[in-house]
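Residues in the sequence shown are numbered from 11 upward in steps of one, following our numbering. Heads up: the structure comes next, in structure tokens.
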Amino acid sequence: MELIKAREGGRDKRLIALLVCAVGLIILSKIIVARYPDEIEQLISDVFVDLFFELGAALIGAAVTVLLINRSSVRQTQKNLELRREIERRISEKQVSNN
Numbered sequence: 011m012e013l014i015k016a017r018e019g020g021r022d023k024r025l026i027a028l029l030v031c032a033v034g035l036i037i038l039s040k041i042i043v044a045r046y047p048d049e050i051e052q053l054i055s056d057v058f059v060d061l062f063f064e065l066g067a068a069l070i071g072a073a074v075t076v077l078l079i080n081r082s083s084v085r086q087t088q089k090n091l092e093l094r095r096e097i098e099r100r101i102s103e104k105q106v107s108n109n
């Protein structure tokens, strides 16, 4: 069980790092808007702003989705282990009562 928790914890850390990166992209998009007020530069920066903003938003959505699926998977694994222990307990009780 501890091995499963350790593995899942590492995955969570990577996803949190991905979320931080996504937020960084969104912040970068806002910095670009503030830095380039000229019209031609503004047009070019708008493309980059939109790109960075959309990348950040997509990464946030993907990371949150994976985190939710990961949490559900961990809970299901724990339930399956508990069920396995219960089945093994019942089998051993049957074996003892048959002897």
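We put the CB at the ideal spot given by N, CA and C, even for glycine.
Between the C-alpha atoms of leucine 93 and alanine 27 there is a straight-line separation of about 34 Å. Comparing alpha-carbon positions, the option among Arg85, Arg95, Asp22, Val33 lying closest to alanine 68 turns out to be Val33. In this structure, the CA atom of aspartate 48 is about 15 Å from the CA atom of valine 59. In the structure shown, the three-state DSSP call for aspartate 48 is coil.
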